[in-house]
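Structure, as structure tokens:
2 protein chains.
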Amino acid sequence: MKTRMTEMFGLDVPIFAFSHCRDVVVEATRAGGMGVLGTTRVTPEQLEMELKWIDDHTDGRPYALDLALPQKMGEVHMLHERETTLPPEHVAFVDRILRDAGIPELPAHEREQLAEYASGYRLTAQGGMELIEVALRHPQIKLVVSALGIAPKEMIDLLHAKGLKVGALIGSAKHAKNQVDAGIDVLIAQGMEAGAHSGSITSMVLWPQIVDAAAPVPVLAAGGIGRGRQMAAALALGCEGVWCGSIWLGTRESELSPDMKERFFAAGSEDAIQRRVFTGKQCRMLRSAFTDAWDAPGAPTPLPMPQQGLLVTEARARIERARRKEYMGYYVGQIVGDMKEETSTKGVIYDMLTEYSDAVEKLQQQMEAE
Amino acid sequence: MKTRMTEMFGLDVPIFAFSHCRDVVVEATRAGGMGVLGTTRVTPEQLEMELKWIDDHTDGRPYALDLALPQKMGEVHMLHERETTLPPEHVAFVDRILRDAGIPELPAHEREQLAEYASGYRLTAQGGMELIEVALRHPQIKLVVSALGIAPKEMIDLLHAKGLKVGALIGSAKHAKNQVDAGIDVLIAQGMEAGAHSGSITSMVLWPQIVDAAAPVPVLAAGGIGRGRQMAAALALGCEGVWCGSIWLGTRESELSPDMKERFFAAGSEDAIQRRVFTGKQCRMLRSAFTDAWDAPGAPTPLPMPQQGLLVTEARARIERARRKEYMGYYVGQIVGDMKEETSTKGVIYDMLTEYSDAVEKLQQQMEAE
């Protein structure tokens, strides 16, 4: 098949597979789509290792990098400063949830490791440029996406100078013009049903609005896509390809623990709720005893980003370590309701293309019939 | 074109136009689709008049009737009992909003008229059967839809015995099986972006789930549809037609006041919010100073249905009469963001079919291209 996305990047199919897991990126890329490596909280050294591994397994095919680089992150603190820099009632509230649930502290060395890892919260444009420099040493990378807001101008200019394309996620047509003016080559229109940070407008309404507002810049559809009928719908709505995230979480290549996958397979679409509990920004995640605690009467209002992440990072690690499934959560979109058992990345793409093709043929027959 | 819906009802196009306005019903029916008259708070005598008028203008074509017949309405009271049957703090809160805004009382005779009209809140299965009896005297009616829950068995049996089809609106795949078991002929799958009462799952995710759960019962797509690309998406997702409501509110045939239309044309999709303010159940409506007052700190939680409706009915009438636009609201879906100027029902259908046809042709070209 052919869309402006397959042409722009030389893909067989216009399926973009966003994942923090390099195995998903590799499998999607090998299947003729475009793997997109998400790089929240990664050092340049770690990124170099990841990209090397992807290069070694993808036979020269194109893939992409997604940088969560907010332009402003506000005041940033280290995890060990949690008790001194956050409101005491918030700290006490989270501690009480865990104490009431009988979830133990982390062993000291794991707490230290986490503190080091969580220092990646220091995401800045400067840090982003260091990652870009690593990316530029890997010529299979053809696209860099800014997940939060407009990428810094020097970053866009540098990428363009090196022949890469730049993309950006948006959740409202209002933001299309600014992105287009900034020189973005591809917009990813993300509906509210998407996992992780998402807005209030649903894919069905949002995608054509962004397609029209961004024209002639091509648009990828994100939010609510896990199968071929949804891919056909995205193209019918004027998008030039699909950008999927949640659906890979249920594959064997996924980075999630078996416990977390099991919870996803048991969940319905209504269990993927929008809350500010994990990051301080509105985010779609699996409902859990932890999110329920924040919904209960008397619970405090979540802090802004990045303070809320600082507040709950260790709590989430303690819950994971204790394997307290009912408290475990993760970012996921409403298509979690369609995820019922472990799949493979290749299998998802194959099924998606088969169903897409059937859907388009049926549409054609319906239209031609008298 | 041809789908199982055009075949079931002998339509030219599988577009169902829900409206409380008989002019919209007539125009949509004449254009080859199926007008659906919504009948909240109508007496049998009023309904007889409406249907007679529709019959007289539709040349024998099929149309439909939508009954908002909840199976249980809880305790029902008359408007003049508002002060004595509702919590005093709720009554005082609404009165204060209006007083602070300087919105005057209704003249005595208008208040009486409203009280009489609002007595239609006494919606029951018995009342529904009286309306069905009226409908059965109008043989152009080929479909009766139950908007809230499963229709009473005797109603379904009676309609089937007379050769009519029965439909039902649902917002979750969980409800599909019960409806199918009850003998429903058509399901209307309504995504959260829809105007009026809506659930939490978006159209993109919900429609294919209901199509699969209801098979072989055909499904109409509702929520987020106002143009042809969305119609193509609905059919790609496996639906057999589309059910639109909000889009007709911006037509010249619409029942809305010019003031209210003007507010719609100025609104973005993010201004169509889900609240319990109008009816006590989660409903999508235009954001206003009135809904903002209920979102402010210290505002009471809305009452359950039907008490909340009893609480705010007169307030809404006072706001309308005073033409205080910033306080005016109405049920509308997220496609309000695409409604920019007054259109016509016929024009909307014509544009929808043109864009649908273009979208399907483009899909076919994309799939076949190498």
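Each protein sequence line maps, in turn, to chains A and B. Mapping to our numbering: the first sequence position 226 is 212, numbers consecutive. Mapping to our numbering: the second sequence position 349 is 335, numbers consecutive. Backbone N, C-alpha and C define an ideal beta-carbon position, used for all residues, glycine too.
For R108 of chain B, does the three-state DSSP call read helix, strand or coil? Note on R108 of chain B: pLDDT 49, under 50, position unreliable in the model; the coordinate value appears next. DSSP places R108 of chain B in coil when its eight states are reduced to three.
For a cutoff of 8 Å on Cβ pairs, would you count D45 of chain A as touching chain B? With 8 Å as the cut-off, D45 of chain A does not count as an interface residue toward chain B.
Where does R270 of chain B fall in DSSP's three states? strand
Minimum C-alpha distance to G19 of chain B - residue among B:A355, B:N164, B:P30, B:G227: B:G227
Alpha-carbon spacing of D118 of chain A relative to M141 of chain A, whole angstroms: One detail in the question is off: residue 118 of chain A reads as Ile in this sequence, not Asp. So the alpha carbons of these two residues sit roughly 8 Å apart.
Pull up the DSSP beta-bridge partners for I127 of chain A, would you. A:Y49
Mapping DSSP to helix, strand and coil, what is F251 of chain B? helix
Am I right that V197 of chain A and D171 of chain A are in contact with their C-beta atoms under 8 Å? What's the rounded C-beta distance? V197 of chain A to D171 of chain A, Cβ: 15 Å. No contact.
Option in A:A301, A:L297, A:E239, A:T25 with minimal Cα separation from P93 of chain A: A:A301
Out of curiosity, what's the CA-to-CA distance linking Q195 of chain A and A159 of chain A? If I take the Cα positions, the gap works out to 6 Å.
Spatial distance of Y265 of chain A from P292 of chain A (CA atoms): The question names Tyr, yet the displayed sequence has Thr at residue 265 of chain A. Their Cα atoms are separated by approximately 6 Å.
Using the DSSP secondary-structure output, state which residues sit across from R309 of chain B in a beta bridge. None; R309 of chain B has no bridge partner.
Nearest to I187 of chain B (by Cα), restricted to the options B:Y317, B:D278, B:Q260, B:K332: B:Q260
From R213 of chain A to I40 of chain A, what distance separates their C-alpha atoms? Distance between the alpha carbons of R213 of chain A and I40 of chain A: 25 Å.
In angstroms, rounded to a whole number, what distance separates the CA positions of A252 of chain A and M325 of chain A? In a straight line, the C-alpha of A252 of chain A is about 8 Å away from that of M325 of chain A.
Let me confirm a value: H146 of chain B is counted as buried when at least 16 other C-beta atoms fall within 10 Å, else exposed. Which label applies? exposed
D245 of chain A CB to nearest chain B CB: under 8 Å? So, not an interface residue.
Consult DSSP for L92 of chain B and reduce its assignment to one of helix, strand or coil. coil
Please state if the CB of L72 of chain B and the CB of L221 of chain B are separated by a distance shorter than 8 Å. no
CB contact below 8 Å: A222 of chain B versus chain A: yes
Where the stretch 178 to 194 of chain B meets chain A: residues whose CB sits under 8 Å from a CB there: M178, E179, G185, S186, I187, T188, S189, M190, V191, L192, P194
Alpha-carbon to alpha-carbon, I335 of chain B and D(-2) of chain A: 36 Å
Is I83 of chain B close to chain A, meaning its C-beta is less than 8 Å from at least one C-beta of that chain? Not closer than 8 Å to any Cβ of chain A, the Cβ of I83 of chain B fails to qualify, so no.
Chain D partners of G210 of chain B, CB-CB under 8 Å? Judged by its chain identifiers, the structure shown contains no chain D, and its protein chains are A and B.
Closest Cβ-Cβ distance between K(-12) of chain A and chain B: below 8 Å? yes
Mind checking the stretch 336 to 355 of chain A against chain B and listing, in chain order, the residues whose C-beta falls within less than 9 Å of any C-beta there? Y342, S343, A345, V346, E347, K348, L349, Q350, Q351, Q352, M353, E354, A355
Kindly say whether E256 of chain B, judged by its beta-carbon, lies nearer than 8 Å to any beta-carbon of chain A. yes
Let me see if you follow: with CB-CB separation under 8 Å, is D41 of chain A close to chain B or not? no
C-alpha distance - P125 of chain B paired with G181 of chain B, whole-angstrom precision: 30 Å
Between E239 of chain A and E248 of chain A, what straight-line distance do the alpha-carbon atoms span, to the nearest angstrom? 15 Å
Since R27 of chain B is in the beta strand (DSSP E), which residue starts that stretch and which ends it? Run containing R27 of chain B: none; DSSP gives neither H nor E here.
Mind listing the chain A neighbours of G323 of chain B? Cutoff is C-beta to C-beta under 8 Å, in chain order. Simply A159, I187, V191, Q195.
Classify A3 of chain B as buried or exposed, calling it buried when 16 or more other Cβ atoms lie within 10 Å of its own Cβ. buried
When the Cβ atoms of the stretch 120 to 136 of chain B are set against those of the stretch 29 to 46 of chain B, are three or more pairs found closer than 8 Å? yes
Go through the stretch 159 to 213 of chain A residue by residue and report every complete run of the beta strand (DSSP E) that reaches 3 residues or more, in order. 172 to 176, 205 to 208
As a quick exercise: from B:G177, B:V263, B:D245, B:R82, pick the residue whose alpha carbon is nearest that of W193 of chain B. The candidate whose alpha carbon is nearest that of W193 of chain B is B:G177.
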